[in-house]
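Sequence order for the protein chains is A and B. Residues are numbered in my numbering as their position in the first sequence, beginning at 1, plus a constant of 254. Residues are numbered in my numbering as their position in the second sequence, beginning at 1, plus a constant of 254. First comes the structure, then the notes that go with it.
There are 2 protein chains.
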Amino acid sequence: MNKPAKYDVLGIGNAIVDVIAPVEDDFLANNAITRASMTLIDEERADSLYDVFPPASETSGGSAANTIAGCASLGARTAYFGKIANDELGEAFAHDLRAAGATFVTRPLCDGPKTARCLIAVTPDAQRSMSTYLGASSLFGPSDLDPACIQDAAIIYMEGYLFDRDDAKAAFIQAAEIAAAAGRQTALTLSDLFCVERHRQAFLHLVRGHIDILFANEDEILALYETTDLDSALAQVRADCGFAAITRGAKGSILLSAGQVETIAAEPVDKIIDTTGAGDLYAAGVLYGLSRALSLAECGRIGSIAAAEIISHYGARAQTSLKLLAGD
Amino acid sequence: MNKPAKYDVLGIGNAIVDVIAPVEDDFLANNAITRASMTLIDEERADSLYDVFPPASETSGGSAANTIAGCASLGARTAYFGKIANDELGEAFAHDLRAAGATFVTRPLCDGPKTARCLIAVTPDAQRSMSTYLGASSLFGPSDLDPACIQDAAIIYMEGYLFDRDDAKAAFIQAAEIAAAAGRQTALTLSDLFCVERHRQAFLHLVRGHIDILFANEDEILALYETTDLDSALAQVRADCGFAAITRGAKGSILLSAGQVETIAAEPVDKIIDTTGAGDLYAAGVLYGLSRALSLAECGRIGSIAAAEIISHYGARAQTSLKLLAGD
Numbered sequence: 255m256n257k258p259a260k261y262d263v264l265g266i267g268n269a270i271v272d273v274i275a276p277v278e279d280d281f282l283a284n285n286a287i288t289r290a291s292m293t294l295i296d297e298e299r300a301d302s303l304y305d306v307f308p309p310a311s312e313t314s315g316g317s318a319a320n321t322i323a324g325c326a327s328l329g330a331r332t333a334y335f336g337k338i339a340n341d342e343l344g345e346a347f348a349h350d351l352r353a354a355g356a357t358f359v360t361r362p363l364c365d366g367p368k369t370a371r372c373l374i375a376v377t378p379d380a381q382r383s384m385s386t387y388l389g390a391s392s393l394f395g396p397s398d399l400d401p402a403c404i405q406d407a408a409i410i411y412m413e414g415y416l417f418d419r420d421d422a423k424a425a426f427i428q429a430a431e432i433a434a435a436a437g438r439q440t441a442l443t444l445s446d447l448f449c450v451e452r453h454r455q456a457f458l459h460l461v462r463g464h465i466d467i468l469f470a471n472e473d474e475i476l477a478l479y480e481t482t483d484l485d486s487a488l489a490q491v492r493a494d495c496g497f498a499a500i501t502r503g504a505k506g507s508i509l510l511s512a513g514q515v516e517t518i519a520a521e522p523v524d525k526i527i528d529t530t531g532a533g534d535l536y537a538a539g540v541l542y543g544l545s546r547a548l549s550l551a552e553c554g555r556i557g558s559i560a561a562a563e564i565i566s567h568y569g570a571r572a573q574t575s576l577k578l579l580a581g582d
Numbered sequence: 255m256n257k258p259a260k261y262d263v264l265g266i267g268n269a270i271v272d273v274i275a276p277v278e279d280d281f282l283a284n285n286a287i288t289r290a291s292m293t294l295i296d297e298e299r300a301d302s303l304y305d306v307f308p309p310a311s312e313t314s315g316g317s318a319a320n321t322i323a324g325c326a327s328l329g330a331r332t333a334y335f336g337k338i339a340n341d342e343l344g345e346a347f348a349h350d351l352r353a354a355g356a357t358f359v360t361r362p363l364c365d366g367p368k369t370a371r372c373l374i375a376v377t378p379d380a381q382r383s384m385s386t387y388l389g390a391s392s393l394f395g396p397s398d399l400d401p402a403c404i405q406d407a408a409i410i411y412m413e414g415y416l417f418d419r420d421d422a423k424a425a426f427i428q429a430a431e432i433a434a435a436a437g438r439q440t441a442l443t444l445s446d447l448f449c450v451e452r453h454r455q456a457f458l459h460l461v462r463g464h465i466d467i468l469f470a471n472e473d474e475i476l477a478l479y480e481t482t483d484l485d486s487a488l489a490q491v492r493a494d495c496g497f498a499a500i501t502r503g504a505k506g507s508i509l510l511s512a513g514q515v516e517t518i519a520a521e522p523v524d525k526i527i528d529t530t531g532a533g534d535l536y537a538a539g540v541l542y543g544l545s546r547a548l549s550l551a552e553c554g555r556i557g558s559i560a561a562a563e564i565i566s567h568y569g570a571r572a573q574t575s576l577k578l579l580a581g582d
């Protein structure tokens, strides 16, 4: 039997500050931004895109970090690994995670690239199109893992975006191995349709051999199994993973575990402002529920509530206590 | 006759980035924050307060800068003077003003304090309590004035907060003199009840001798004239200034000019989230209206619309085109 975990969830991901601005639809085409997805950009492009960006706000982001902040807001004990620089945005990133209640100890980078930033253009339909300069976050590697912390976490949660870099991928695999050896659970989110297409074989290998809990949206799970039939994809993920949660936007979500399927409606929202972080916060709710050994239906319900809070304003961090919202 | 102005409004103020977080009511008392006002703090207090601050967002702020960004969003030609440092928050401040359409050329400070930041704690009643570390902005002085730019602006708009520092006050008076000599109009906002009480005599002297257009809320105008009777205060401000606009929160506003009084209802808002910037954006609407020689009623209406947009979300910069909202 495992010793009791010190953390309910440990997240590993790209430590990114979001620079968010509302834009008109033609802004995307005029600036060659791929709609509704995440595109990696270099520093030069980040600077030139920022020059034409409308007035913006800076809010801590990063997919797994958003999830960890959400878990913490729900009341879970959390920790996070990710690389910031020794600059003002890095300071804000660390502050916001710690203020949410997460343990964050990754050593900041000195004398290298700046803290990562993601320029998020939000169109009037609330869809977000992301251009990410990875900066310091791209220098996260195996040496940034703290094995004791991994062994102390009930669930290790990692974002698929890490697969875009070999060093981060190596860290990812190593963390999964340490977790498995300690009898801990591993969780993965597929992150992005194009990310799945870039790394399909590696993801399939990982999901089949190393992942206990999988998060994906409908497009991503269909792309992973190269099918257009959701039932077929669900049957396959069920064979591959002990637990999966598939989000379907306004159509809600489907949770699967051995012998169980649960369909959850989306939580109603007065006005959807910005969908940034919807999947991240849904995952937060489900992970929180798993950490409390709640039913599939309860996990899905809390995920939907957390996602509804996030899409009702700009930014991917909660503006109200998720614990109070979830009534848990 | 004056030559045509290149700018409709030139703002001068403290260049500040807002760090905004929702808090519970007891957070103010627990951290010795004065409710609903602006308190100046030093760097040490800024650091220790940030340490206990909840997860936050960074948005460009500064009272006069908010007004200028609002004027620009309405379609006015604008410029701004204020001192940032050569750091990431300073870069964001400059970006956001320029992206709004304002001309901003004040030389950033090198090797000095950081860009100013205002820690804004927003309680559930949407009231904001502000703790401001002036940093680089406090080094704005007469040498940062560009006389040609002042001579080229139809209205010079200044915030009362500048009176908290002698150098800024000297710059303020000098700018007003340059403007008057060039036949331009000068505008002032009283900024804050406590600011009025700190500088009552200086404000009275200024209003009587140098100011054409005065903005204040009800508390501030009562404090300026040391009365509890609004009618008496209105009669006095009318004798002192050519034009005054007095805001009254949910009760709307009163605009006064020679021979005219106009009472304007507040624009309805579904849910008030954060009142930061309400007065700044009201002033933006009125200044825009003045720049287009609109009626008192139209000036007040546009001010109310701009204020309503700002209080419906966190932060004091518009998240939608004010020009479209105002239908102008």
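Ideal Cβ placement from N, Cα and C applies to all residues, glycine included. A quick note: this is a predicted structure, and the numbers were derived from the prediction, not measured.
query: Is the Cβ-Cβ distance between G316/B and I287/B less than 9 Å?
result: The answer is no: Cβ separation not under 9 Å.
Interface flag, Q455/B vs chain A, CB-CB below 9 Å: With 9 Å as the cut-off, Q455/B does not count as an interface residue toward chain A.
message: Assuming the contact rule is C-beta atoms closer than 8 Å, D446/A and Y415/A should be a hit. Round their C-beta distance to whole Å, please.
response: About 7 Å separates the beta carbon of D446/A from that of Y415/A, a gap short enough to meet the 8 Å contact definition.
- prompt: For the candidate residues A561/A, D279/A and H464/A, whose alpha-carbon lies nearest to that of K505/A?
  reply: The candidate whose alpha carbon is nearest that of K505/A is A561/A.
query: From the beta carbon of D341/B, is the nearest beta carbon of chain A less than 9 Å away?
result: Yes, D341/B lies at the interface with chain A (some Cβ there is under 9 Å from its Cβ).
- request: Could you tell me if R289/A is buried or exposed, where buried requires 16 or more neighbouring beta carbons within 10 angstroms of its beta carbon?
  value: That one is exposed.
query: Would a C-beta distance cut-off of 9 Å place K368/B and A339/B closer than the cut-off?
result: Yes; because the gap between Cβ atoms is below 9 Å, this pair is in contact.
- request: Out of S314/A, I564/A and L541/A, point me to the one whose CA is closest to R331/A's CA.
  value: It is L541/A whose Cα lies nearest to the Cα of R331/A.
message: Taking only three categories from DSSP, how would you classify R299/B?
response: Correct three-state label for R299/B: helix.
Inter-stretch contact (C-beta, 8 Å, three-pair minimum) for the segment 351-358 of chain B and the segment 384-393 of chain B: Touching, no.
message: Mapping the DSSP letters down to three states, classify L373/B as helix, strand or coil.
response: Looking at L373/B - three-state DSSP - the assignment turns out to be strand.
- request: Would you mind telling me which residues of chain A sit closer than 9 Å to F417/B, beta carbon to beta carbon, in chain order?
  value: Per Cβ cutoff of 9 Å: no residues; F417/B is ~28 Å from chain A at best.
field: alpha helix (DSSP H) segment containing I500/A, residue limits
entry: Unbroken run through I500/A is the beta strand (DSSP E), F497 to T501; no alpha helix (DSSP H).
message: With the cut-off set at 9 Å, would you say G336/B and G389/B are in Cβ contact?
response: No; because the gap between Cβ atoms is not below 9 Å, this pair is not in contact.
query: Taking three-plus beta-carbon pairs below 8 Å as touching, is the segment 545-564 of chain B in contact with the segment 515-524 of chain B?
result: Contact holds between the segment 545-564 of chain B and the segment 515-524 of chain B, because three or more Cβ pairs, one in each stretch, are under 8 Å apart.
field: Collapsed DSSP secondary structure at G543/A in the structure displayed
entry: When secondary structure is reduced to three states using DSSP, G543/A falls in the helix class.
Chain B contact residues for R571/A, given Cβ-Cβ distances below 7 Å: The answer, in chain order, is P309.
task: List the residues of chain B that S314/A touches, going by C-beta distances under 9 Å, in chain order.
output: The contacting residues are P309, A310 and S311.
- request: Indicate whether G395/B and D421/B have their beta-carbon atoms separated by less than 9 Å.
  value: The beta carbons of G395/B and D421/B sit closer together than 9 Å.
- request: If I'm right that K577/B touches S314/B with Cβ under 8 Å, what's the distance once you round it to whole angstroms?
  value: About 19 Å; that fails the 8 Å criterion.
task: Excluding the 5 residues preceding and the 5 following G496/A in the sequence, name in chain order all residues of the same chain whose CB lies nearer than 6 Å to its CB.
output: Excluding residues within five positions, the ones whose Cβ falls inside 6 Å are D466.
message: Just checking: is the beta-carbon of K337/B within a distance shorter than 9 Å of some beta-carbon in chain A?
response: Residue contact check for K337/B against chain A: no CB pair falls below 9 Å.
message: Could you check if D524/A belongs to the surroundings of the ligand SAH, using beta carbon to heavy atom distance under 8 Å?
response: Inclusion of the ligand SAH in the displayed structure is not the case, the ligand content being empty and no account of it being possible.
- prompt: Cα separation between L373/B and S391/B?
  reply: L373/B and S391/B have their alpha carbons spaced roughly 15 Å apart.
message: Contact criterion: CB-CB distance below 9 Å. Does K368/B meet it with respect to chain A?
response: Yes, K368/B counts as interfacial toward chain A.
message: Using C-beta distances below 6 Å, list every residue in its chain close to D350/B, excluding the 5 sequence neighbours before and after it, in chain order.
response: The answer, listed in chain order, is S314.
The alpha helix (DSSP H) enclosing F469/A, as first and last residue numbers: In the DSSP annotation of this structure, F469/A is not part of any alpha helix (DSSP H); the continuous beta strand (DSSP E) holding it starts and ends at I467 to N471.
field: T476/A versus A456/A, H459/A, R502/A and R462/A, residue with shortest Cα-Cα distance
entry: Reading off the sequence, residue 476/A comes out as Leu, not Thr. Of the candidates A456/A, H459/A, R502/A and R462/A, the one whose C-alpha sits nearest the C-alpha of L476/A is R502/A.
query: Of all Cβ atoms in chain A, is any one closer than 9 Å to the Cβ of Y536/B?
result: Interface flag for Y536/B against chain A is unset, since no Cβ pair is found closer than 9 Å.
field: Option nearest E474/A by Cα separation, candidates F457/A, A456/A, L444/A and Q455/A
entry: The option with the nearest alpha carbon to E474/A is L444/A.
- prompt: Taking Cβ-Cβ distances shorter than 8 Å, what residues in chain A pair up with Y568/B?
  reply: The answer, in chain order, is H567 and Q573.
field: Under 7 Å from the C-beta of A380/B: neighbouring residues of chain A
entry: Those within 7 Å of A380/B in chain A number zero; the least Cβ separation is about 12 Å.
message: Taking the alpha-carbon of E600/B as reference, which of S507/B, V450/B and P276/B has the nearest alpha-carbon?
response: One cannot answer for residue 600/B here, as it falls past the ends of chain B, which runs 255 to 582.
- request: Rounded to whole angstroms, what's the CA-CA distance from I527/A to T574/B? Just pull it up for me.
  value: Each residue's alpha carbon lies about 11 Å from the other.
- prompt: In three-state terms, what does DSSP make of Y479/B?
  reply: In the three-state reduction of the DSSP assignment, Y479/B falls in the coil class.
Interface flag, P276/A vs chain B, CB-CB below 9 Å: Using a CB distance cut-off of 9 Å, P276/A counts as an interface residue toward chain B.
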